[in-house]
Amino acid sequence: MIPYNARLSAAEFEKLLNSETPKILFYEEIFKNTVEEFKGKTSIEKYVVLKDTPDESEELDYTKIMSYENNNMIYCSDLVLDDIHLIIHTGGTTGLPKGGMISHHSLIFNAMNEICTWGLNYEDSAFIILPLYHTGGWNLLTLPLLHCGGRIIINKQFDPRLTLEVIEKEKTTLLFGAATIFRMMSDLPEFENADLSSLKWVMAGAAPTPINIMERFWNKKIKFVLGYGMTEAGPNNLSSTPQFMADETIKSKYASVGKPMYMTMTKVVDDKGNEVGANEVGELLWGGPQIFSGYWDNENETKKTLDGGWVYTGDMATVDEDGYYYIVGRKKNMFISGGENVFPPEVESAIYEIPQVQEVCVFGVPDEKWGEVGKAVVSLKTNASITKGEIQSILRNKLAGYKIPKYIQFVDDIPKNNVGKIVVSKITELYGKCDD
């Protein structure tokens, strides 16, 4: 099974379908025009449309299939746990996404990983606000809750006001999303009086979360923590365990993405593959029964990512003396200024503490004197005002001089993908010049 992002163009669908070669396509009627553009140009042999009456003879109606009374079903008795159940695409911030192959074995152990770590049971429920073509929508709460008899509520598109209403009405117990989603929810005037007391915890992932957003939920007595993972390894790998953590610990470790989950093995290594010590920066590696089987039809990328049973994340991290993990930044996004390593998330976190700032993205640009220097692309809150010099002045009390962006460009909106994650590649393409 391969869930596809419905926002792709017909040309992108055609490329992916010809690469992954599925035989049957299920689609909603509203996407009929897009399907017509690539029909007959791909591997698809049967089209199943989700409506009551098909228009064309080669289309089958999903409702009729599900109500079919003939019990002559075909069972695949030769399936084994290591067979591929799902191809799910990576976040794909550049070009076409890679297809991560997820086995039955991986799905089961990923679900057990959550159930055991978070103590999920049949009384738990969640409003799924991430898209089901994304690993966060599919594997993060949906399948684990179904495994333990819990309840899920699905909506086609995220709506912050509707999310508050559903939590109040349905008394859901869990909520997962990206920082952007929680900012949109807590910006609503209804947020202050919304009854969210049914929530055991709220967890953010996919991108750094400013502490001021977390504080809005803490002020409502809601345990707000961070988690971390990736398509290729579950995606559930690191998280706090809010049900076992005192509020003081949650707040003192607010920047941490937690500890390894029940079945997750981790290493933080240097460039030679040696494990680093406490508070030292290294690349984060995953192991365990929930990791993926490789990328579909992409042996080169598989070899780069999967080696000796370990998934090389490309993320740089540290571990403190208490065993809590902190994501420092993407290995490829780190830049070197005057011989010093600069990790953008550290700079972004400092800028997010400035009240006028809505969103920020930091990256390196060439510089004759220092090799590279930082550039920050910043969007401000409505009616807020601050200058480049004022931001730099504030940062001098928070960061070493080489970490302070030389260039700061103000924009109305920062490009994000479908799960609210800032797309660094798009931002550098648009604003990568050495100027303000």
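Residue numbers (the numbering used here): 49 to 484.
Built from N, CA and C at the ideal position, the CB exists for glycine as well.
What is the residue span of the beta strand (DSSP E) that residue i lies within?
| i | result |
| --- | --- |
| Met313 | Met313 to Val317 |
| Val250 | Trp249 to Gly253 |
| Met232 | Met232 -> not in any beta strand (DSSP E); alpha helix (DSSP H) instead, spanning Ala227 to Asp235. |
| Ala365 | Trp358 to Val367 |
| Lys469 | It is not in any beta strand (DSSP E) - Lys469 carries neither H nor E in the DSSP assignment. |
| Lys71 | Taken as a continuous stretch (DSSP letters only), Lys71 belongs to no beta strand (DSSP E), as it is neither H nor E. |
| Leu191 | Looking at the DSSP string, Leu191 is not in any beta strand (DSSP E); the run it does join, the alpha helix (DSSP H), is Thr190 to His195. |
| Val405 | Val405 to Asp415 |
If I follow the unbroken alpha helix (DSSP H) through residue i, where does it start and stop?
| i | result |
| --- | --- |
| Glu280 | That residue, Glu280, is in no alpha helix (DSSP H); it is neither H nor E in DSSP. |
| Ala159 | His152 to Trp166 |
| Ile399 | Pro392 to Tyr400 |
| Trp266 | Ile259 to Trp266 |
| Pro208 | Pro208 to Glu218 |
| Val83 | Lys80 to Phe86 |
Buried or exposed for residue i, going by 16 or more other Cβ atoms inside 10 Å?
| i | result |
| --- | --- |
| Thr142 | Because the pLDDT at Thr142 is just 45, under 50, the model does not fix this residue reliably, and the value given afterwards should be weighed accordingly. The residue in question, Thr142, is exposed, as its Cβ has fewer than 16 Cβ neighbours within 10 Å. |
| Asp363 | buried |
| Gln338 | buried |
| Arg19 | What the structure shows of the chain is the stretch from 49 to 484, and residue 19 is not part of that stretch, so it cannot be assessed. |
| Lys94 | exposed |
| Asn81 | exposed |
| Gly336 | buried |
| Asn169 | exposed |
| Thr279 | buried |
| Val128 | exposed |
| Ile525 | Since the first residue of the chain shown is 49 and the last is 484, residue 525 is not available in this structure. |
| Ala159 | buried |
| Gly275 | buried |
| Ala252 | buried |
Alpha carbon to alpha carbon, how far is residue i from residue j?
| i | j | result |
| --- | --- | --- |
| Asn45 | Gly386 | Look at the range of the chain in this structure, 49 to 484, and you will see that residue 45 is not part of it. |
| Trp186 | Thr220 | 18 Å |
| Gly437 | Cys409 | 17 Å |
| Phe224 | Glu416 | 44 Å |
| Met233 | Phe239 | 7 Å |
| Glu171 | Gly197 | 8 Å |
| Thr435 | Tyr302 | 29 Å |
| Gly282 | Leu188 | 8 Å |
| Val92 | Thr138 | According to the sequence shown, residue 92 is Ile rather than Val. One C-alpha to the other measures close to 22 Å. |
| Met262 | Met293 | 16 Å |
| Thr165 | Val472 | 32 Å |
| Lys269 | Tyr479 | 40 Å |
| Ile50 | Phe61 | 12 Å |
| Ala398 | Lys446 | 7 Å |
| Phe230 | Leu212 | 11 Å |
| Met311 | Asp460 | 43 Å |
| Phe340 | Gln406 | 35 Å |
| Ser246 | Ile452 | 42 Å |
| Ala59 | Thr297 | 49 Å |
Residues in the same chain with beta-carbon distance under 8 Å from residue i, minus the five sequence neighbours each way, listed in chain order, please.
| i | result |
| --- | --- |
| Val367 | Val316, Ala326, Asn327, Tyr373 and Tyr374 |
| Asp345 | Ser67, Glu68 and Gly147 |
| Gly371 | Lys307 |
So, for residue i: in the same chain, excluding its five sequence neighbours on each side, which residues have a beta-carbon less than 7 Å away from its beta-carbon?
| i | result |
| --- | --- |
| Ser125 | none |
| Ala432 | Gln404 |
What does a CB cutoff of less than 6 Å around residue i pick up in its chain, not counting 5 residues either side in sequence?
| i | result |
| --- | --- |
| Val413 | Lys423 and Cys482 |
| Phe265 | Val250 and Phe272 |
| Val421 | Ser385, Asp415 and Lys454 |
| Asp7 | For the chain, the structure presents residues 49 to 484; residue 7 sits outside this window and is missing. |
| Lys99 | Glu77 |
| Ile215 | Leu244 |
| Ile132 | Met149 and Ser151 |
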